[in-house]
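Counting from 223, one number per residue, gives the positions in the sequence shown under this note's numbering.
We put the beta carbon where it would ideally sit given N, CA and C, even for glycine.
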Amino acid sequence: MAELSETRVAVYIDFDNIIISQYDNVHGRGAFIKEKARTATGKTAERLQEATVNIGAVLDFASSFGAVAISRAYADWAAPANTRYQKQLVDRAVDLVQLFNTSGTKNGADIRLAIDVVEDLFRLQDISHVVIVAGDSDYIPLAQSARRLGRTVIGIGVQGSTSAAFKNACDEFSYYHDLVEDLGEELAEDLVEDVAEDVPHSTRTVAVEPPAPDLAKEARKLLMRALRGRANDDVDGWMAASALKQQMKRLDPGFDEKKIGFKSFTDFLKAQRSIAELQEDGQARRARLRNRA
223 MAELSETRVA
233 VYIDFDNIII
243 SQYDNVHGRG
253 AFIKEKARTA
263 TGKTAERLQE
273 ATVNIGAVLD
283 FASSFGAVAI
293 SRAYADWAAP
303 ANTRYQKQLV
313 DRAVDLVQLF
323 NTSGTKNGAD
333 IRLAIDVVED
343 LFRLQDISHV
353 VIVAGDSDYI
363 PLAQSARRLG
373 RTVIGIGVQG
383 STSAAFKNAC
393 DEFSYYHDLV
403 EDLGEELAED
413 LVEDVAEDVP
423 HSTRTVAVEP
433 PAPDLAKEAR
443 KLLMRALRGR
453 ANDDVDGWMA
463 ASALKQQMKR
473 LDPGFDEKKI
483 GFKSFTDFLK
493 AQRSIAELQE
503 DGQARRARLR
513 NRA
């Protein structure tokens, strides 16, 4: 794999596709349409919460291939099932593309997304990786075209709702479940809280001012996210300290170990023994998640 600094990534998310697929995966095939979950009213609001999609895990995985230059999500953002994710996506600097449901069944995300990808690849020659978050066979020609243009195509889809042909059209494919199965309990709880915050105030009992962030706690979470990423040096999960810090800066450009009282990044890593193992060989330093299988 090329060095992290040499790759630039474009991420395209068919948001309706991933939300519907995850809901059906949790509650049964066809449940999203049958239960009219798009309106997110009554019991379906609770069932949507049970099928929450961790978009952060998807974006973290994409960033492990290189610097994310483009990230777009396509959906009807007026639909309550999608509205609850808006803040989470905006906070991650994802461009929200509005698609109105004119036919009553399809929002045309596949066509709009495909046009944007082709235009971007011709306009931005330095894009090396294209991440398509979807599962429809409609995206096969897009994946093939991007590969013919010399780009590496990574597909992400929900198990049980992804076309086998689309998987085969990609250079690399990952199931959404595989990206989140190792997510720590603490991070998973934060995800549910983040999505709950996006629910309109009229559906909540009390609106409270969020507390100031604990920078040290946030830094530890960031370290776990970076170490769970893909860009490790070898199969044992070791990652060069310089690459690790670069990945942490990608995930949160505001990260600075000095803000939480450490003189150097190595000092920061040494203080995280409960999370990470540190291997030092002269000036070379590597880290990996503790107790990694």
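| Asked | Found |
| --- | --- |
| Output the distance between the C-alpha atoms of G264 and D238, rounded to the nearest integer angstrom. | 20 Å |
| Measure the beta-carbon distance from A232 to D342 and round it to whole angstroms, keeping in mind my assumption that it falls under 8 Å. | 6 Å |
| Tell whether a beta-carbon distance below 8 Å holds between R294 and Y234. | yes |
| Ignore the nearest five residues each way along the sequence and tell me which others in K481's own chain have a CB closer than 8 Å to its CB. | L437 |
| Checking 8 Å against the spacing of the C-beta atoms, do M470 and L445 come in under that value? | yes |
| If you check the beta carbons only, do N247 and V380 fall under 8 Å apart? | yes |
| Please check the pair I354 and V375, which I expect to be a contact at CB under 8 Å, by giving their CB distance rounded to whole angstroms. | 7 Å |
| Between the C-alpha atoms of L449 and E257, what's the straight-line distance to the nearest angstrom? | 39 Å |
| When burial is assigned at 16 or more other CB atoms within 10 Å of the CB, is G250 buried or exposed? | exposed |
| Is V280 helix, strand or coil by DSSP? | helix |
| How do the segment 360 to 367 and the segment 386 to 399 stand: do at least 3 beta-carbon pairs fall below 8 Å, yes or no? | yes |
| In terms of alpha-carbon separation, which member of L335, Q310 and R314 lies closest to Q320? | L335 |
| Here's a check: name, in chain order, each residue in its chain whose Cβ is nearer than 7 Å to the Cβ of W299, leaving out the five neighbours to either side. | T305, Q308, L318 and Q320 |
| So what's R510 in DSSP terms, helix, strand or just coil? | strand |
| Please report the straight-line C-alpha distance between F484 and S464, rounded to a whole angstrom. | 16 Å |
| Rank D358, S383, I378 and I349 by C-alpha distance to the C-alpha of G372 and give the top, closest one. | I349 |
| Output the boundary residues of the beta strand (DSSP E) element that contains E502. | A498 to D503 |
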